[in-house]
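Enquirer: This is the structure I want to talk about, given as structure tokens.
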Amino acid sequence: MLERKQRKTRTEITFVLPADTPPGPVSVVGDFNGWDPYAHPLRARQDAMRAVTVTLPRKSSHSFRYLAAGDYWFNDESADGQDGPNSRVNT
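Residue 244, in our numbering, is where the sequence shown stops; the numbers in between run on with no holes.
In structure tokens:
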């Protein structure tokens, strides 16, 4: 799930997943962080979810995927679209 907060010159995108699905650590990786699996790990929230927020320029489009334990890559069903094998988010 994607949560968005529009700011004057940027958009804060919060990537949200259930705390236990899939099990183990999960990161969001994309063109906004050089596809670095260590840059944006999701952290537990108090609402039984886990999340990470990334600040992106307004009126831009970015490819991303999630990377879970065991080299398990997956997309976000709530994304704005697909870019080849990747999810797409528009700000």
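Quick reminder that beta carbons are idealized off the backbone N, C-alpha and C, glycines included.
Just so you know, these numbers come straight off a predicted model, no measurement behind them.
(1) Ends of the beta strand (DSSP E) at N239?
(2) When you compare the CB positions of S216 and D236, do they come within less than 8 angstroms of one another, or not?
(3) Can you check whether the C-beta of E165 is within less than 8 angstroms of a C-beta belonging to chain C?
(4) When the Cβ atoms of the segment 174-191 are set against those of the segment 156-164, are three or more pairs found closer than 8 angstroms?
(5) If you compare alpha carbons, which of V242, F227, Y219 and E156 is closest to D189?
(6) Taking C-beta to C-beta, are L155 and L195 nearer than 8 angstroms?
(7) Compute the beta-carbon to beta-carbon distance between A204 and F227, rounded to the nearest angstrom, for a pair I have assumed lies under 8 angstroms.
Expert: Taking the structure as given:
(1) Along the sequence shown, read from residue 1 onward, the residue named residue 239 stands at position 86. N239 to N243 is the span of the beta strand (DSSP E), which, as asked, contains N239.
(2) Position 63 of the sequence shown, counted from the start, is the residue given in the question as residue 216. Position 83 of the sequence shown, counted from the start, is the residue given in the question as residue 236. At a Cβ-Cβ threshold of 8 angstroms, S216 and D236 count as neighbours.
(3) In the displayed structure, chain C is absent; only one protein chain is listed.
(4) no
(5) Start at 1 with the first residue of the sequence shown, and residue 189 comes out as number 36. Ranking the options by Cα distance to D189, first place goes to Y219.
(6) To locate residue 155, count along the sequence shown from 1; it is residue 2. To locate residue 195, count along the sequence shown from 1; it is residue 42. Going by C-beta atoms, L155 is not nearer than 8 angstroms to L195.
(7) On the sequence shown, position 51 is the one that residue 204 refers to. On the sequence shown, position 74 is the one that residue 227 refers to. Actually they do not touch by this definition, with Cβ atoms about 16 angstroms apart.
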